[in-house]
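These notes are about the structure you will find just below.
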Amino acid sequence: MSKRAVVKGVGHYLPERVVPNSHFESFLETTDAWIKSRSGIERRHFVAEGQTTSDLAIAAGKAALANAGMDADQLDAVIVATSTADLTFPSAATMVQAGLGMTRGFAYDVQAVCAGFVYALSNANAMILSGQADRVMVIGAETFSRIMDWTDRGTCVLFGDGAGALILQAEDGVGDTTDRGILSVDLNSDGRHKDILYVDGGVSTHSTGHLRMQGKEVFRHAVEKLAATAHTALDKAGIATDQVDWIVPHQANLRIIKATAQKMGLPMDQVIVTVQDHGNTSAASIPLALSVGASEGKIKQGDLIVTEAIGGGLAWGAVVLRW
Numbered sequence: 001m002s003k004r005a006v007v008k009g010v011g012h013y014l015p016e017r018v019v020p021n022s023h024f025e026s027f028l029e030t031t032d033a034w035i036k037s038r039s040g041i042e043r044r045h046f047v048a049e050g051q052t053t054s055d056l057a058i059a060a061g062k063a064a065l066a067n068a069g070m071d072a073d074q075l076d077a078v079i080v081a082t083s084t085a086d087l088t089f090p091s092a093a094t095m096v097q098a099g100l101g102m103t104r105g106f107a108y109d110v111q112a113v114c115a116g117f118v119y120a121l122s123n124a125n126a127m128i129l130s131g132q133a134d135r136v137m138v139i140g141a142e143t144f145s146r147i148m149d150w151t152d153r154g155t156c157v158l159f160g161d162g163a164g165a166l167i168l169q170a171e172d173g174v175g176d177t178t179d180r181g182i183l184s185v186d187l188n189s190d191g192r193h194k195d196i197l198y199v200d201g202g203v204s205t206h207s208t209g210h211l212r213m214q215g216k217e218v219f220r221h222a223v224e225k226l227a228a229t230a231h232t233a234l235d236k237a238g239i240a241t242d243q244v245d246w247i248v249p250h251q252a253n254l255r256i257i258k259a260t261a262q263k264m265g266l267p268m269d270q271v272i273v274t275v276q277d278h279g280n281t282s283a284a285s286i287p288l289a290l291s292v293g294a295s296e297g298k299i300k301q302g303d304l305i306v307t308e309a310i311g312g313g314l315a316w317g318a319v320v321l322r323w
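Letter by letter, the sequence shown follows residues 1 to 323 of our numbering.
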């Protein structure tokens with residue numbers, strides 16, 4: 001027998017305000033066609049005044065609990081992957097814990113930018129395998145609209161706000177690739193590339209900042225590193241690419257998604273794509289895509305899934321799981 005971290009519930013939340021590409025035409029030298037051609041993005045959601053990352057995470061968490069048929073106090077832990085927490089401290093996760101009505105267990109944030117959800121899944125998996133927790137809610141939630149430079153057409157048109165949540169539960173498996181749950185994880189980072197994607201402010205420098213990105217460099221690293229980490233994770237699990245049912249990638253840019261799928265030798269009809277509707281929601285993009293894919297009936301129990309993401313740091317990684 002082998003212990004596995006198995007998906008028991010999934011949910012997501014998007015703010016009510018939908019922002020089409022045409023919104024940017026009034027104040028930037030850009031067009032709907034230009035944004036679509038460069039990114040595949042057609043629209044995104046922005047939070048309302050006073051709406052915070054923890055608000056989105058709580059709503060996604062409640063949706064995941066309903067999907068799993070669980071109460072909040074059945075959870076042992078909440079991990080929130082975010083780069084846009086409400087406050088410097090406490091963590092967004094503790095706010096989510098309170099917002100869900102969870103009065104036991106523990107909660108904390110993970111910060112690995114767009115790779116945050118993959119890192120958080122790895123944390124949750126390790127806690128379940130070690131016996132530290134039996135049920136862990138993993139949430140990716142972001143309000144990147146709060147850190148945009150609205151004069152920079154190369155970045156501000158790309159990002160959106162949202163949250164997605166997954167509940168993992170310890171279950172016994174037989175120890176081979178037929179098991180449901182997380183089968184392998186691959187994590188990486190390389191701080192030498194910090195300057196190609198970062199926010200130019202913070203607590204120990206100054207309190208506000210905007211996202212800065214060298215788009216061509218990010219694209220080059222993303223295609224190379226995403227395919228490599230996915231292959232490494234598949235190798236660790238002992239699974240061939242042709243056994244994969246779905247790639248659920250970080251939804252940053254349609255061109256990156258297509259190039260990565262091509263490098264992996266998988267057709268686009270096996271890729272869950274939501275970037276056109278959500279934009280880049282950073283750590284929220286994979287759980288959002290998983291929840292949308294499941295709600296649309298694409299992702300079904302027993303499907304073999306590869307998720308992969310890359311973000312500032314640079315930090316990147318992949319998870320192989322059976323739904």
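Just so it is clear, CB atoms sit at the ideal spot from N, CA and C, and this is done for glycine as well.
Please determine, among the options, the residue with the shortest C-alpha to C-alpha distance to residue i.
{"i": "residue 211", "options": "300, 136, 154, 269", "result": "154"}
{"i": "residue 180", "options": "16, 46, 304", "result": "304"}
{"i": "residue 196", "options": "277, 60, 310", "result": "310"}
{"i": "residue 319", "options": "297, 287, 294", "result": "287"}
{"i": "residue 275", "options": "105, 2, 25, 157", "result": "157"}
{"i": "residue 144", "options": "178, 83, 60", "result": "83"}
{"i": "residue 336", "options": "199, 182, 245", "result": "Lying outside 1 to 323, the shown extent of the chain, residue 336 is not represented and no answer is given."}
{"i": "residue 266", "options": "109, 297, 289, 306", "result": "306"}
{"i": "residue 199", "options": "225, 186, 161, 149", "result": "149"}
{"i": "residue 364", "options": "323, 93, 44", "result": "Past the edges of the chain, shown from 1 to 323, lies residue 364, and the structure says nothing about it."}
{"i": "residue 297", "options": "113, 141, 272, 282", "result": "272"}
{"i": "residue 106", "options": "114, 136, 122", "result": "136"}
{"i": "residue 122", "options": "218, 4, 239, 160", "result": "4"}
In whole angstroms, give me the CA-to-CA distance for residue i and residue j.
{"i": "residue 285", "j": "residue 292", "result": "10 Å"}
{"i": "residue 230", "j": "residue 50", "result": "38 Å"}
{"i": "residue 321", "j": "residue 117", "result": "14 Å"}
{"i": "residue 95", "j": "residue 54", "result": "6 Å"}
{"i": "residue 302", "j": "residue 295", "result": "15 Å"}
{"i": "residue 131", "j": "residue 1", "result": "15 Å"}
{"i": "residue 270", "j": "residue 81", "result": "26 Å"}
{"i": "residue 72", "j": "residue 57", "result": "14 Å"}
{"i": "residue 25", "j": "residue 44", "result": "15 Å"}
{"i": "residue 111", "j": "residue 189", "result": "13 Å"}
{"i": "residue 52", "j": "residue 257", "result": "29 Å"}
{"i": "residue 264", "j": "residue 187", "result": "18 Å"}
{"i": "residue 119", "j": "residue 317", "result": "7 Å"}
{"i": "residue 70", "j": "residue 113", "result": "29 Å"}
Report the partner residues of residue i according to the DSSP bridge assignment.
{"i": "residue 3", "result": "172"}
{"i": "residue 143", "result": "161"}
{"i": "residue 310", "result": "316"}
{"i": "residue 322", "result": "181, 304"}
{"i": "residue 46", "result": "17"}
{"i": "residue 280", "result": "159"}
{"i": "residue 186", "result": "318"}
{"i": "residue 246", "result": "305"}
{"i": "residue 167", "result": "9, 137"}
{"i": "residue 28", "result": "Paired residue(s): none; residue 28 is not in a bridge."}
Open item on the list: For a minimum of 3 consecutive residues, which ranges assigned as the beta strand (DSSP E) are wholly contained in the stretch 248-277?
Closed with: Listed in chain order, the beta strand (DSSP E) runs fully inside the stretch 248-277 amount to none, counting runs of at least 3 residues.
Task: Cβ contact (3+ pairs, closer than 8 Å) linking the stretch 164-182 and the stretch 59-66 - done: Yes, the stretch 164-182 touches the stretch 59-66.
Open item on the list: Would the stretch 34-47 count as touching the stretch 82-94 if we require 3 or more Cβ pairs under 8 Å?
Closed with: Contact between the stretch 34-47 and the stretch 82-94 is absent, because fewer than three Cβ pairs lie under 8 Å.
Task: Stretch-stretch touch, CB-based, cutoff 8 Å, three pairs: the stretch 14-26 with the stretch 236-254 - done: They do not touch, by the three-pair rule.
Open item on the list: I want to know whether the stretch 173-193 touches the stretch 312-321 - three or more CB-CB distances under 8 Å.
Closed with: Taking a contact to require three or more Cβ pairs closer than 8 Å, the stretch 173-193 and the stretch 312-321 qualify as touching.
- [ ] Would you list, in sequence order, the uninterrupted alpha helix (DSSP H) runs of no fewer than 4 residues that lie entirely inside the stretch 71-137?
- [x] Every unbroken stretch of the alpha helix (DSSP H) spanning 4 or more residues and falling wholly within the stretch 71-137 is given here in chain order: 92-100, 116-130.
TODO: Pair every Cβ in the stretch 72-85 with every Cβ in the stretch 113-132, then say whether three or more of these pairs are closer than 8 Å.
DONE: In short, these stretches touch, since the Cβ pair count reaches three.
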